[in-house]
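Quick note: the sequence shown, position 80, residue 79 per numbering that gives the first Met the number 0, numbers continuous. A short write-up of the structure that comes next.
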Amino acid sequence: MRALQLTALNTLSISEMPAPEPVAGEARIRLKAAALNHRDVWIKHGQYGGVKYPVQPGSDGAGVVESVGPGVDAAWVGSEVIINPSFTWGEREQAQGEDFTILGLPRAGTLAEVITVPVAQLAAKPTHLSWAGAAALPLAGLTAYRAVVTRAGLKTGEKILISGIGGGVALFALQFAVAQGAQVYVTSSSDDKIAKAIELGATGGFNYTHMGWAKTAAHGHAERLFDVIVDSAGGDGFEALLDLAAPGARVVFYGATKGNPPVLPMRKVFWRQLSLLGTTMGSPTDWEAMLGFVDEHGIRPVVSDEFPLARAAQAFTLLEQNGQFGKVVVTF
Ligand SMILES: NC(=O)c1ccc[n+]([C@@H]2O[C@H](COP(=O)([O-])OP(=O)(O)OC[C@H]3O[C@@H](n4cnc5c(N)ncnc54)[C@H](OP(=O)(O)O)[C@@H]3O)[C@@H](O)[C@H]2O)c1
Numbered sequence: 000m001r002a003l004q005l006t007a008l009n010t011l012s013i014s015e016m017p018a019p020e021p022v023a024g025e026a027r028i029r030l031k032a033a034a035l036n037h038r039d040v041w042i043k044h045g046q047y048g049g050v051k052y053p054v055q056p057g058s059d060g061a062g063v064v065e066s067v068g069p070g071v072d073a074a075w076v077g078s079e080v081i082i083n084p085s086f087t088w089g090e091r092e093q094a095q096g097e098d099f100t101i102l103g104l105p106r107a108g109t110l111a112e113v114i115t116v117p118v119a120q121l122a123a124k125p126t127h128l129s130w131a132g133a134a135a136l137p138l139a140g141l142t143a144y145r146a147v148v149t150r151a152g153l154k155t156g157e158k159i160l161i162s163g164i165g166g167g168v169a170l171f172a173l174q175f176a177v178a179q180g181a182q183v184y185v186t187s188s189s190d191d192k193i194a195k196a197i198e199l200g201a202t203g204g205f206n207y208t209h210m211g212w213a214k215t216a217a218h219g220h221a222e223r224l225f226d227v228i229v230d231s232a233g234g235d236g237f238e239a240l241l242d243l244a245a246p247g248a249r250v251v252f253y254g255a256t257k258g259n260p261p262v263l264p265m266r267k268v269f270w271r272q273l274s275l276l277g278t279t280m281g282s283p284t285d286w287e288a289m290l291g292f293v294d295e296h297g298i299r300p301v302v303s304d305e306f307p308l309a310r311a312a313q314a315f316t317l318l319e320q321n322g323q324f325g326k327v328v329v330t331f
C-alpha cells in the first residue's frame with residue numbers, strides 16, 4: 000500500500016509498505032478519502048509534542064472495512080465507515096484522561112490507502128455524505144460540536160462570533176450554530192471568505208486584518224454584544240474578542256495558532272462575568288451527539304479542495320498559506 004510519511008522535519012514522501020494486519024478488536028479499513036487538520040501542519044513543522052520519524056499523519060478518514068481481527072464480528076466487513084480520531088478519552092465527560100491520544104500520532108494515521116483501528120472507533124458513514132464529505136467530518140466536527148454545544152451551550156436566538164472562518168473547525172462551528180438557530184457573525188482575513196460564510200447562513204462578518212476592526216464591530220453591536228465567542232487564534236487579537244463579549248458571555252477556545260495572549264485583562268473578565276472555557280476534541284458522548292446532529296440537520300461539511308495522495312504535499316501547502324475555506328481532502 001502507499002502512505003504519506005513525514006521522514007524528517009518538513010519532509011513528506013510517499014512510501015510503499017505492507018498493509019497492516021488488524022489485531023484483536025481491530026478492523027482494517029481501505030480508505031476512500033482522508034482530510035487534513037492544522038494538527039498535521041504542526042506535526043510537519045515539528046511543533047507538536049512526541050514527534051518520532053517516520054510519522055504517518057492524518058486524523059480524519061472514511062472508507063470500507065476490508066477485514067477484521069480476532070474477536071470482531073465479521074459482519075463489519077464491507078461496512079462503509081468513518082473513524083473517530085479521539086482515542087481512549089477516559090471516564091470523565093469534563094475532560095480527557097491521561098491515556099487520551101489522537102489518531103495520526105503516535106498511531107499511524109489516515110494518509111494511507113489502508114489503516115487499522117479498533118472497531119470501537121468506527122461509526123457508519125452518514126448516508127447523505129460523499130466520501131470526501133464524510134472524511135472531512137470527524138476531528139473538526141467533533142471539536143466544533145463540543146465547543147459550541149457541549150461547552151458553550153449555545154441557545155436558539157443567541158449571538159455568536161466565530162473567528163477565522165476559513166478554518167475547518169470554525170466552519171463546522173458556523174454550520175452547527177446556524178442549525179441551532181443562533182445569529183452568527185464571523186471574522187476572517189479575507190472578505191471573500193466572509194461573503195461565503197454569509198452564503199452559509201452567517202449574518203455578517205469582520206475582516207480581522209483591518210486596523211480597529213473590533214472597535215467598529217463593538218460600535219455596530221453596542222446594543223447587544225456577543226453571548227458566545229469561539230476562537231482558536233489567541234495571540235494579541237484575543238483581548239479584542241473579550242471587548243466584544245456581552246456581560247455574562249462564554250468565550251470558548253480550542254487552539255492558540257497565534258500563541259498566548261500577551262495579557263489577560265482580569266478586570267474585563269470579572270466585571271463582565273465572563274466564562275473562559277477551554278475545549279479539546281470530544282468524548283464518545285460528544286461524538287455520538289455530533290453524528291446525530293449532523294444527520295438530523297443534514298449538515299454537509301464544506302470541502303475546500305481535494306488532492307490525490309500523490310499531491311498531498313500541496314494540500315499541506317494550502318493549509319500553511321490559510322488558502323482554504325473549509326476542509327482539505329486527500330483522495331485515494
Ligand atoms: N484543541 C483541539 O481539539 C483542536 C482541534 C482542532 C484544531 N485545533 C487548533 O485550532 C486551530 C485551527 O485548527 P483548524 O484545523 O481548524 O485550522 P485550519 O483549517 O488550518 O484553519 C486555520 C484558520 O485560522 C484562521 N486564523 C489564522 N490566523 C488568525 C488570526 N490571527 N485570527 C483569527 N483567525 C486566524 C484562518 O482563518 P481565515 O482564513 O478566515 O483568516 C485560517 O483559515 C489550530 O491551532 C489547531 O491546532 C485544536
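In this text, a Cβ means the ideal position worked out from N, Cα and C, and glycines have one as well.
Problem set entry | Under the three-state DSSP convention, the category VAL227 falls into | For this step, residue 227 is matched to residue 228 along the sequence shown. The answer is strand: DSSP assigns VAL227 an E or B state.
Exercise. In chain order, what residues of the same chain lie with their CB nearer than 7 Å to the CB of ASP294, ignoring the 5 residues before and after it?
Worked result: The residue given as residue 294 occupies position 295 in the sequence shown. These residues qualify, in order along the chain: PRO125.
Exercise. CA-CA distance, LEU35 and VAL328?
Worked result: Numbered from 1 along the sequence shown, position 36 holds the residue referred to as residue 35. Numbered from 1 along the sequence shown, position 329 holds the residue referred to as residue 328. Looking at the two C-alpha atoms, the distance is approximately 6 Å.
For this session: State the DSSP-derived secondary structure class of ALA232, mapped to helix, strand or coil.
Result: Working through the sequence shown from its first residue, we reach residue 232 at position 233. Here ALA232 sits in coil by DSSP.
Problem set entry | Buried versus exposed call for ASP191 [16 or more other C-beta atoms within 10 Å across all chains shown] | To locate residue 191, count along the sequence shown from 1; it is residue 192. Its Cβ having fewer than 16 others within 10 Å, ASP191 is exposed.
For this session: Confirm the yes/no value for this check: CB of LYS326, any heavy atom of ligand 1, distance under 8 Å.
Result: Mapped onto the sequence shown, residue 326 falls at position 327. Checking the Cβ of LYS326 against ligand 1 gives yes.
Exercise. Of the residues ILE82, LEU3 and ARG150, which one's Cα is nearest the Cα of ALA61?
Worked result: Position 62 of the sequence shown, counted from the start, is the residue given in the question as residue 61. Of the residues ILE82, LEU3 and ARG150, the one whose Cα lies closest to the Cα of ALA61 is ILE82.
Exercise. Cβ of VAL40 versus every heavy atom of ligand 1: is any distance shorter than 8 Å?
Worked result: Within the sequence shown, the letter at position 41 stands for residue 40. Yes; taking the cut-off as 8 Å, the Cβ of VAL40 has a heavy atom of ligand 1 nearer than that.
For this session: Confirm, please, whether the CB-CB distance from SER274 to ARG249 is below 9 Å.
Result: Start at 1 with the first residue of the sequence shown, and residue 249 comes out as number 250. Start at 1 with the first residue of the sequence shown, and residue 274 comes out as number 275. It is a contact, given that the beta carbons lie within the stated cut-off.
Exercise. Is ASP230 near ligand 1, in the sense that its beta carbon is under 8 Å from a heavy atom of that ligand?
Worked result: The residue labelled residue 230 in the question sits at position 231 within the sequence shown. Result yes, Cβ under 8 Å from ligand 1.
For this session: Would you kindly work out how many angstroms separate the C-alpha atoms of THR142 and GLN120, rounded to a whole number?
Result: As a first step, residue 142 is located in the sequence shown; it is residue number 143 there, counting from the start. As a first step, residue 120 is located in the sequence shown; it is residue number 121 there, counting from the start. THR142 and GLN120: Cα-Cα distance of roughly 16 Å.
Exercise. Whose C-beta lies closer than 7 Å to the C-beta of ASP98 among residues of the same chain, with five residues either side of it excluded?
Worked result: Position 99 of the sequence shown holds residue 98. Around ASP98: THR87 and GLY89.
Exercise. By how many angstroms is the C-alpha of SER14 removed from the C-alpha of THR330?
Worked result: Along the sequence shown, read from residue 1 onward, the residue named residue 330 stands at position 331. Along the sequence shown, read from residue 1 onward, the residue named residue 14 stands at position 15. Rounded to the nearest angstrom, the two C-alpha atoms are 16 Å apart.
Exercise. Quick one: what does DSSP say GLY334 is sitting in, helix, strand or coil?
Worked result: Outside the displayed range of the chain (0 to 331) lies residue 334, so it cannot be described from this structure.
Exercise. Which one of LEU317, GLY236 and LEU243 has the shortest CA to CA distance from PRO261?
Worked result: Mapped onto the sequence shown, residue 261 falls at position 262. Out of LEU317, GLY236 and LEU243, GLY236 has the C-alpha closest to the C-alpha of PRO261.
Exercise. ALA169 to GLY163, Cα distance in whole Å?
Worked result: Here residue 169 is taken as the residue at index 170 of the sequence shown, counted from 1. Here residue 163 is taken as the residue at index 164 of the sequence shown, counted from 1. In this structure, the CA atom of ALA169 is about 7 Å from the CA atom of GLY163.
For this session: Mind the definition here: the region 169-179 touches the region 192-205 only if three or more C-beta pairs lie below 8 Å; say whether that holds.
Result: yes
For this session: Give the range of the beta strand (DSSP E) segment to which ILE13 is assigned.
Result: Walking along the sequence shown from the start, residue 13 turns up at place 14. Taken as a continuous stretch (DSSP letters only), the beta strand (DSSP E) holding ILE13 covers 10-15.
Exercise. Alpha helix (DSSP H) containing VAL54: first to last residue?
Worked result: Along the sequence shown, read from residue 1 onward, the residue named residue 54 stands at position 55. Premise fails: VAL54 is in no alpha helix (DSSP H) and is neither H nor E.
Problem set entry | Which residues DSSP lists as bridging LEU170, in chain order | Here residue 170 refers to the residue found at position 171 when the sequence shown is read from its first residue. According to DSSP, which records beta bridges pairwise, LEU170 is partnered with nothing at all.
Exercise. Relative to the alpha-carbon of PRO246, which residue among ALA255, VAL268, GLY204 and GLY234 has its alpha-carbon at the smallest distance?
Worked result: Taking the sequence shown and counting its residues from 1, one reaches residue 246 at position 247. Comparing Cα-Cα distances from PRO246 to each of ALA255, VAL268, GLY204 and GLY234, the minimum goes to VAL268.
Exercise. Hey, is MET210 close to ligand 1, as in C-beta under 8 Å from one of its heavy atoms?
Worked result: Within the sequence shown, numbered from 1, the residue matching residue 210 stands at position 211. Not under cutoff, so the answer is no.
Exercise. Is there a Cβ from chain C that is less than 9 Å from the Cβ of ALA245?
Worked result: Here chain C cannot be found, since the structure has a single protein chain.
Problem set entry | Residue interval of the alpha helix (DSSP H) (run including TYR144) | Taking the first residue of the sequence shown as 1, we reach residue 144 at position 145. Per DSSP, TYR144 belongs to the alpha helix (DSSP H) from 137-144.
Problem set entry | Sequence-distant residues of the same chain with beta carbon closer than 7 Å to ALA244, five excluded per side | One-based indexing of the sequence shown puts residue 244 at position 245. LEU224, PHE225, ILE228, VAL250, ARG271 and LEU273.
Exercise. Near PRO264, what residues of its chain come up, given a Cβ to Cβ distance below 7 Å and the 5 sequence neighbours on each side ignored?
Worked result: Translated into positions along the sequence shown, residue 264 becomes position 265. Here the set comprises GLU238 and LEU241.
Exercise. For the alpha helix (DSSP H) that PRO283 lies in, which residues bound it at each end?
Worked result: Taking the sequence shown and counting its residues from 1, the one referred to as residue 283 is at position 284. Start and end: 283-296.
For this session: Indicate whether the contact test is met: 3 or more Cβ pairs, each with one atom in the region 282-293 and one in the region 134-154, closer than 8 Å.
Result: Short answer: they touch.
Exercise. Within the present structure, is the beta-carbon of VAL302 separated from the nearest heavy atom of ligand 1 by less than 8 Å?
Worked result: Residue mapping note: residue 302 aligns to position 303 of the sequence shown, counting from 1. No, the beta carbon of VAL302 sits no closer than 8 Å to any heavy atom of ligand 1.
Exercise. In this structure, what does DSSP give as the bridge partners for LEU241?
Worked result: Here residue 241 refers to the residue found at position 242 when the sequence shown is read from its first residue. Bridge partners of LEU241: none, in fact.
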